[in-house]
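Residue numbers (my numbering): 672 to 1241.
Backbone N, C-alpha and C fix where the C-beta goes; we use that ideal spot for every residue, glycine too.
A short write-up of the structure that comes next.
Below you can see the structure in the form of structure tokens.
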């Protein structure tokens, strides 16, 4: 039995760890030079134990939840005992636990009294790392070597001094060297915060107490995760889906998963999914594992801080060389498209087991959009993930305008910042009511429309949108949601884009980013008529749609006509 004073010490140290990763995040955001980092928060920070297991992580990009441990362990394996105080390491290798080349992981080993006690890690999306296009994510890439500078586990600092040769390699191979180096320094500042706070903890409570807290955090989370999984019925749960083309081809791409639950163990087996594509929507095995971990965390303890213990009951199985387990030199620049589909598959397979927690299908795709060109201050690169509609659960309507599962605790750009930083004007930002949502006893959430006017003479757009043909799935009789896409308006003509490698924009073009609505849950004819009437009042439904989709009739004042509704639903 743990002594009372030890439990108190454990709680104090746990609080210190969580405060530390939050402080790391604040420092990184405030020191960053890129709007995608300081405004969208496309980063995450964490602390790992000496074995490389995650023990604390700030809220941030969801997909990074599962990458930290593997990236730290990669550095441990590569450098072994050749690490010392003042060292910091860098890796952005998608084939060694990472995601894509733009996500730079900065890792700092932390020592106390000569012993390694843990690691600080920060991962952030750098705006440009070289490659074929500004922003480093060419949608038509056929090789990882087109996607920018890949630094597969290198030493960045020694004795707390940047290694000049490596810095020159970076700055000479990126389009925005000052900005990129500024963001690297922001990450360095974050991991130094981790070191400082762990040193404070050791000085006050001792190394043994810190290590005991690490073990207890992970072991307790494992036990809680196993209890949730053990309460689910043993069995095999299957789901399949379609990825809507890869950019090089519009052909549908089959993917599938089988979830096996046996006691307190859970396995996600992606055998049967399509081979890796000659296009960058692939994710690597590290991205796949992290995508699955995201859903498992939502299942077992969505509100709890993340650590490696939650994932010990999990096994991820997949043959090599699939769209979810791409191998070098397959491109992975738009890895979050593949990873999001993997998450959605696991979500779909498990949703019947947790209908109050896991929803029907969502818009899924991060709908990442790049607009770049020449502005008043030279080259600009605008990258924006888009929010969309999520599916309903058995007890709630779907969330509207929420970021995709891969991105977690990230923000959308404010209109004011967009117009201040980039040569664009925003004319519209509202719900995508025209496309609609999946009808159901609980309806899906609405996607969004963001309308840009281009105010530059030589801008280009490139993007890779999924869920452009295959609609988000409904559950238990709920209707399907709606699809994503881009519409460019020029001279009275409209052109629809989805996975677009290069589209030249002209001054005055209107670019509409349209994200889809989520799937519904349950029979639409069982929806509360008062909820239907409210949606009509709010401008989310027309009276005709209320009658056609839900069997609800409204009078001239917008109130429910009970008798007519009973007739429609009879």
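- Query: Looking at the structure shown, is residue 782 part of a helix, part of a strand, or coil, going by DSSP?
  - Reply: Three-state result, residue 782: strand.
- Item | Endpoints, alpha helix (DSSP H) assigned at residue 868 | For residue 868, the enclosing alpha helix (DSSP H) starts and ends at 848-876.
- Message: Taking only three categories from DSSP, how would you classify residue 739?
- Response: Three-state result, residue 739: helix.
- Taking the CB atoms as reference points, tell me whether residue 738 and residue 1033 lie closer together than 8 Å. No, these two residues do not count as a Cβ contact at 8 Å.
- Message: Any heavy atom of the ligand COA inside 7 Å of the beta-carbon of residue 1093?
- Response: Absence of the ligand COA is noted for the structure shown, with no ligands found whatsoever.
- Contact belief for residue 1185 with residue 1215 at Cβ below 8 Å, rounded distance in angstroms: Rounded, the Cβ-Cβ distance is 22 Å, inconsistent with contact.
- How do the stretch 1092-1102 and the stretch 718-737 stand: do at least 3 beta-carbon pairs fall below 8 Å, yes or no? They do not touch, by the three-pair rule.
- Task: Can you have a look at residue 679 and say buried or exposed, based on whether 16 or more other CB atoms are within 10 angstroms of its CB?
- Result: Per the 10 Å Cβ criterion, exposed.
- Item | Alpha-carbon to alpha-carbon, residue 1046 and residue 1144 | Rounded to the nearest angstrom, the two C-alpha atoms are 42 Å apart.
- Apart from the five residues just before and just after residue 1129, which ones in its own chain have a Cβ nearer than 6 Å to its Cβ? Sequence-distant Cβ neighbours of residue 1129 in its own chain, meaning closer than 6 Å and more than five residues away, are 1044, 1045.
- Between residue 903 and residue 1024, what straight-line distance do the alpha-carbon atoms span, to the nearest angstrom? If I take the Cα positions, the gap works out to 7 Å.
- Pick from 747, 1119, 1171, 691: whose alpha carbon is nearest that of residue 861? Checking every option, the nearest Cα to that of residue 861 belongs to 691.
- Item | Same chain, Cβ closer than 6 Å to residue 1200, neighbours up to 5 away in sequence not counted | Excluding residues within five positions, the ones whose Cβ falls inside 6 Å are 1223, 1231, 1236.
- From 797, 830, 834, 816, residue whose alpha carbon lies closest to that of residue 846: Checked all of 797, 830, 834, 816; the closest Cα to residue 846 is 797.
- Query: Would you say residue 1042 and residue 1095 are within 8 Å of each other, going by their C-beta atoms?
  - Reply: Cβ atoms of residue 1042 and residue 1095: closer than 8 Å.
- Item | The alpha helix (DSSP H) enclosing residue 1210, as first and last residue numbers | First-last for residue 1210: undefined, no H or E at that position.
- Output the distance between the C-alpha atoms of residue 872 and residue 687, rounded to the nearest integer angstrom. Separation of residue 872 and residue 687 (C-alpha to C-alpha, rounded to the nearest whole angstrom) is 8 Å.
- Task: Just the C-alpha distance for residue 1221 and residue 1081, rounded to the nearest angstrom, thanks.
- Result: Taking the straight line from one Cα to the other gives about 34 Å.
- Query: Relative to the C-alpha of residue 801, which residue among 844, 983, 768, 828 is closest?
  - Reply: That would be 844, whose Cα lies nearest to the Cα of residue 801.
- Item | In DSSP terms, what residue 703 is bridged to | Paired residues: none, contrary to the question.
- Determine, using beta carbons only, whether residue 718 comes closer than 8 Å to chain D. Any reference to chain D falls outside this structure, which holds one protein chain only.
- Message: Does the contact criterion of 3 or more C-beta pairs under 8 Å hold for the stretch 1058-1067 versus the stretch 705-714?
- Response: Verdict: no, contact absent.
- Considering only C-alpha positions, which residue in the set 988, 764, 906 is nearest to residue 944? Cα-wise, what sits closest to residue 944 is 988.
- Runs of beta strand (DSSP E) lying entirely within the stretch 958-1019, each at least 3 residues, in chain order: As summarised for the stretch 958-1019, the continuous beta strand (DSSP E) elements at least 3 residues long and confined to that stretch are 985-988, given in chain order.
- How is the alpha helix (DSSP H) around residue 1220 delimited, first residue to last? Looking at the DSSP string, the run of the alpha helix (DSSP H) that includes residue 1220 is 1214-1221.
- Task: Determine the direct distance from the alpha carbon of residue 1213 to that of residue 1227, and round the result to whole angstroms.
- Result: One C-alpha to the other measures close to 13 Å.
- Item | residue 800, DSSP secondary structure in three states | Three-state result, residue 800: coil.
- One or two residues paired with residue 720 in a DSSP bridge: Residue 720 is bridged to 789.
- Message: Among 822, 942, 1146, 885, whose alpha-carbon lies nearest the alpha-carbon of residue 770?
- Response: Checking every option, the nearest Cα to that of residue 770 belongs to 822.
- Query: Looking only at DSSP bridge pairs, what is residue 776 linked to?
  - Reply: Note: residue 776 is bridge-paired with 762, 794 in the DSSP secondary-structure output.
- residue 1066 versus residue 1113: straight-line alpha-carbon distance, rounded: Distance between the alpha carbons of residue 1066 and residue 1113 is about 7 Å.
- Message: In the DSSP output, what is residue 678 paired with across the bridge?
- Response: Paired residues: none, contrary to the question.
- Contact set for residue 1225: own chain, Cβ-Cβ below 7 Å, skip 5 residues either direction: Within the same chain, residue 1225 has close Cβ partners 1204, 1207, 1214, 1217, 1231, 1232.
- Secondary structure of residue 815, DSSP reduced to three states: In this structure, residue 815 counts as helix in the three-state DSSP scheme.
- CB contact flag (residue 703, residue 865, <8 Å): Cβ distance not < 8 Å, so residue 703 and residue 865 don't count as in contact.
- Query: In chain order, what residues of the same chain lie with their CB nearer than 7 Å to the CB of residue 949, ignoring the 5 residues before and after it?
  - Reply: Around residue 949: 813, 919.
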